[in-house]
Structure formats: C-alpha cells, structure tokens
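Peer 1:
Written out as structure tokens, the structure reads:
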C-alpha cells in the first residue's frame, strides 16, 4: 500500500484523539508555518543553555593539570565535534517536525519508546531541580543582602513556579526569555573574567602561563566535554522542530542553515568561554566556582549583578534543556490525558523530589552514569534515521496503535537490545563511555534491524519505490493531522 492509499485508508477509518493514546496536540508534527524561531533566536537559546555552573568545573578540572590555552582549545574542538553530531539528530526536527519521544517510536516501538524517553525525561527533570536550586540560592543571596531575610526553600518554590509558568506558555515564550537573558549573561560574564584576572594579578599570577600539577590528559578532558551535552545531542529535535526552515530545501546544509550558527558557533564558543572563567577562577583563588569567589569579595550592586547572572543562567537553561524535554516525554507517556502544561508541572515536581541539593555533591558521577546510556540512544537514532530509513519516515504510522511501528507487542526488540547492551558496555568503559555507547548502539541496532527485524516487520519507507512520499520539508510538504477525520494528510507548504 502506498503512502497516499494509506492516508486515505486512515481517513476512512478515522481515529479520535481522545481514543488514541499516541495522540496529543503538543506531540503532533510541527508544520512549517508553526515554526517561529529564527537563526538568531536559536543562537540566543543555545547561549542561554551553555551557561551552566557545571561548565565552570570542566574548565577548572582541565587547568589543574594543563596550560590554559590547551584547555580552552580542547573544549572548543570537543564541542564543535559534538555539535556536528548534534546536527544529524537535529534534522529529525527540521525535516519532519517531530519531537524526540515520538520519533523514538520508530526504533523502539510505540510502547518501547517509553523506556528510553522517560529515562531521558527523568534526567531532564533532575537537572531542572539542580538548576532551580542554584538559582534559589542566588535569589536568597539577593534578598538576604537587601533585607536580612534568608530562606532558600521559599525562593526555590517561587523560582520553580515562575519557570514552569514561563515554559508552559510555549516555545515563543522560551525564545523571548533567551533573547533577553543571553546578552545579559554574556555581558556579566565578561565582567567576571576581568574581575578574576585582576584578582590573579594581585597575587602575581599570569593566568596564561599558569601550569597545574595534577595528572590531567587532553584526551580525558576532550572525552568529558564530548559527553557533557549527550542529553541534548539526542533530544535536540524537541527544539529544532520549531526552527524556521526553507521548504523544498533538498540539501542538508540548506535545510538546516538556521541550525548551524547556533550549534557550530554559539555552543562551542560559549562553552569554551564559560569554561575559561571557571579555569581563571581556579587559578586566581583555587576554587572552580567563580560565583563563590566573587561573591566573597563583592557587595552592593556588584553582588546583585553577580547573582542575577546565576538566576538568568539557570532559568534560560531550564526552559529549553530541561523542562521542554521532560514535559514532552511525560506527554508522550500519558497522552491524551496529560497535556503539555500539566506535564511541565509534573517535571517540576519530579525535579524537586529528586533532592537536587544532594545530587550536586556527586554531580560528575551522575553525569557519567546516565551519559553512557544516552550516547547509545544517539547511536541508535543516527543508524535508524540515516542508515536504515535514509531520512524517510512513515509519520502517520507513528501515531497508529496497530500499525507499522507496533512490532512485537508494541516493542522493537532491536532498539531495546542495542540500547541496553551498548549502554551497559559504555557504562563500564570509563572515560570512553560516550564513544563506546554511540558507536556500539549504532552498529548493533543497524545489524539487528537490517538482518532480523525488517525481515519480520517490513518498513514501508524503506521498501516503497517512491521515496519522496516519506519526506516533508525537503519536498516542500508538511505532515498535518486532521482532527475531524482523525487522520493525517501530507500537504503542500503554504509559502505565503
């Protein structure tokens, strides 16, 4: 059956949104006209995402045993390579307008998707709690300085509710905050750098000739930075599906041109810059956290400005990198009963119950533990999207309870076996975890899918001759859900 016959058949049978647990408005494909984020908007989002407290520690860890210039060069190169990998998964959003959790129905099955997607969602929720806790401490610092009143749990609750409300308003609200926060964060960070440099000079230290005595290798620093954004490397479609694209752009670069500036320039440079500040803080004061160092020497406006940086950094990161991924994973699991605003609230509650103030004491152990399994998901996504399906996707079947992606009782064994095996091996691979998980996940999934699963469960987008029927943006088409008929249509993009 061709895609056109299939769509017609779906239309005749009809599927009511309320009766289908795979359907909910917030996880339907995003059409070209519904994508508001410009290239610069995406840049500001990534700047806001990249400024997080843990990045300071990456720079400090590096400079404890390597010259500063080598540390910054290593971090920059590592993030460029990661960004290149991330552009591959980003195409799922720009081409088909799909969220991460919905796309995982292809390699994992309509029920199997819940295992990796909720795993990612829980991690995102925990990170929301960590970032909110850090922001609450900064808020408490401002209030305590101005009034003498100190109670960080109250400000945690206030800050959490504000972020949940902001993210619930949708992607445009997230972009607006980023456009305000990112330039302010960059300006304050420049002030931080010069403040720390002056501190180092007063102690007779030249930050660019400083040499640490710890045993740190360039390879270890490189691999740690590649693994750092393993979370967004897999679920970046959650954001890129809202980035403006040019309908009919066949070439990968042309189709994703609004992605490249943010991911290949803004991410590496911002990450390297913030790591530089952490390194300089370590050189000047022996403390990786510049917030603590400068806060101990500041008062008045300087102190308030410093703490505002912390609040804006946590807020802008939480919106795009934590609350959106977590909420979409929860919507996918609870559709059609859990709506997007409710899912955002659930993410906030889960993040709080994880007791993030305790996780902070073991932050890097936490990072490496989950990074192993997330890298394996990335390898599976790349193998499925590019090697198996060659970017073509039978999108209507992703929302069909008994369709192509039902596999064996709703689970694709190839996806789960490859994920657990590759993720498990990566977990015990030490500093090579990200590379092992990514490569093994890709290879194992490809072999299992090609020589086992597809022989039992044929994939229409792979076997049908007219491949363009399963493309969207690159052929000037959109996937559109018709609620009245309960069916999907593939429609020409309105360019007006």
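Numbering (the numbering used here), first residue to last: 973 to 1468. Glycine included, each C-beta is placed from N, C-alpha and C at the ideal position. Quick caveat: nothing in here was measured; it's all calculated off a predicted structure.
#1: Could you give the DSSP three-state label for residue 1063: helix, strand or coil?
#2: Look up residue 1450 in the DSSP assignment and give the residues it is bridged to.
#3: Just to confirm the assignment, what range does the alpha helix (DSSP H) spanning residue 1432 have?
#4: Closest to residue 1127 by C-alpha separation, out of 1325, 1283 and 1040, would be which residue?
#5: Apply the 10 Å Cβ neighbour rule to residue 1271 and answer buried if 16 or more other Cβ atoms are within range, or exposed otherwise.
#6: Please tell me whether residue 1451 and residue 1086 are closer than 9 Å, where the distance is taken between their beta carbons.
#7: Give me the Cα-Cα distance between residue 1235 and residue 1222, rounded to the nearest whole angstrom.
#8: Quick one: is residue 1026 buried, meaning 16 or more other Cβ sit within 10 Å of its Cβ, or exposed?
#9: DSSP puts residue 1009 in a beta bridge; with which residues?
#10: What span of residues does the alpha helix (DSSP H) with residue 1169 cover, start to end?
#11: Leaving aside the five residues before and after residue 1084 along the sequence, list all residues of the same chain whose C-beta is less than 7 Å from its C-beta, in chain order.
#12: Taking residue 1131 as part of the alpha helix (DSSP H), name the residues at either end of that continuous run.
#13: So, at 8 Å on beta carbons, what are the nonlocal neighbours of residue 1267 in its own chain, with the 5 sequence-adjacent residues on each side left out?
#14: Contact between the stretch 1106-1123 and the stretch 1398-1412 is defined here as three or more beta-carbon pairs at a separation below 8 Å; is this criterion met?
#15: Using the beta-carbon count (16 or more within 10 Å), is residue 1463 buried or exposed?
#16: Beta-carbon separation of residue 1061 and residue 1157 under 9 Å?
#17: Indicate the three-state DSSP secondary structure (helix, strand or coil) for residue 1373 in the structure shown.
#18: Between which two residues does the alpha helix (DSSP H) harbouring residue 1312 extend?
#19: Rounding to the nearest angstrom, what Cα-Cα distance links residue 1045 and residue 1020 in this structure?
#20: Secondary structure at residue 1383, three-state DSSP: helix, strand or coil?
#21: Check whether the Cβ atoms of residue 1380 and residue 1453 sit closer than 9 Å, and answer yes or no.
#22: Can you tell me whether residue 1269 is buried or exposed, with buried defined as 16 or more other CB within 10 angstroms of its CB?
#23: Which same chain residues, not among the five before or five after residue 1072, have their C-beta less than 6 Å away from its C-beta?
#24: At which residues does the alpha helix (DSSP H) containing residue 1092 begin and terminate?
Peer 2: Let's see:
#1: Working through the chain shown from its first residue, we reach residue 1063 at position 91. Residue 1063 falls in the helix class under three-state DSSP.
#2: As a first step, residue 1450 is located in the chain shown; it is residue number 478 there, counting from the start. According to the DSSP secondary-structure assignment, residue 1450 is paired through a beta bridge with 1463.
#3: As a working note, residue 1432 is residue 460 in the chain shown. Under the DSSP assignment, residue 1432 falls in the alpha helix (DSSP H) whose first and last residues are 1432-1435.
#4: The sequence position of residue 1127 within the chain shown is 155, counting from 1. For residue 1127, the nearest C-alpha among the options comes from 1283.
#5: As a first step, residue 1271 is located in the chain shown; it is residue number 299 there, counting from the start. Residue burial is scored here from C-beta neighbours: residue 1271 has fewer than 16 other C-beta atoms within 10 angstroms and is therefore classed as exposed.
#6: Walking along the chain shown from the start, residue 1451 turns up at place 479. Walking along the chain shown from the start, residue 1086 turns up at place 114. Not in contact: residue 1451 and residue 1086 (Cβ atoms no closer than 9 Å).
#7: Here residue 1235 is taken as the residue at index 263 of the chain shown, counted from 1. Here residue 1222 is taken as the residue at index 250 of the chain shown, counted from 1. Rounded to the nearest angstrom, the two C-alpha atoms are 20 Å apart.
#8: Along the chain shown, one-based indexing puts residue 1026 at 54. So residue 1026 counts as buried.
#9: To locate residue 1009, count along the chain shown from 1; it is residue 37. Looking at the DSSP assignment, residue 1009 forms a beta bridge with 1215.
#10: Translated into the one-based positions of the chain shown, residue 1169 becomes position 197. Note, residue 1169: alpha helix (DSSP H), 1143-1174.
#11: The residue you call residue 1084 lines up with position 112 of the chain shown. Taken in chain order, the residues that qualify are 1382, 1383, 1384, 1387 and 1388.
#12: Within the chain shown, numbered from 1, the residue matching residue 1131 stands at position 159. Counting along the chain, the alpha helix (DSSP H) containing residue 1131 begins and ends at 1124-1140.
#13: The residue you call residue 1267 lines up with position 295 of the chain shown. Here the set comprises 1113, 1275, 1278 and 1279.
#14: Because the criterion of three Cβ pairs below 8 Å is not met, the stretch 1106-1123 and the stretch 1398-1412 do not touch.
#15: Here residue 1463 refers to the residue found at position 491 when the chain shown is read from its first residue. Per the 10 Å Cβ criterion, exposed.
#16: Here residue 1061 corresponds to residue number 89 of the chain shown, with the count starting at 1. Here residue 1157 corresponds to residue number 185 of the chain shown, with the count starting at 1. Taking 9 Å as the cut-off, the Cβ atoms of residue 1061 and residue 1157 do not count as close.
#17: By 1-based counting over the chain shown, the position of residue 1373 is 401. Residue 1373 carries a coil assignment under DSSP once its states are collapsed to helix, strand and coil.
#18: Sequence index remark: in the chain shown, residue 1312 carries index 340 (1-based). 1312-1325 is the span of the alpha helix (DSSP H), which, as asked, contains residue 1312.
#19: Position 73 of the chain shown, counted from the first residue, corresponds to residue 1045. Position 48 of the chain shown, counted from the first residue, corresponds to residue 1020. Straight-line Cα distance between these residues: approximately 21 Å.
#20: Here residue 1383 corresponds to residue number 411 of the chain shown, with the count starting at 1. Under the three-state reduction of DSSP output, residue 1383 falls in the strand class.
#21: Working through the chain shown from its first residue, we reach residue 1380 at position 408. Working through the chain shown from its first residue, we reach residue 1453 at position 481. Not in contact: residue 1380 and residue 1453 (Cβ atoms no closer than 9 Å).
#22: As a first step, residue 1269 is located in the chain shown; it is residue number 297 there, counting from the start. Exposed, by the Cβ-count rule.
#23: As a working mapping, residue 1072 is identified with position 100 in the chain shown. Closer than 6 Å at Cβ, skipping near neighbours: 1207, 1209 and 1210.
#24: On the chain shown, position 120 is the one that residue 1092 refers to. 1086-1119 is the extent of the alpha helix (DSSP H) around residue 1092.
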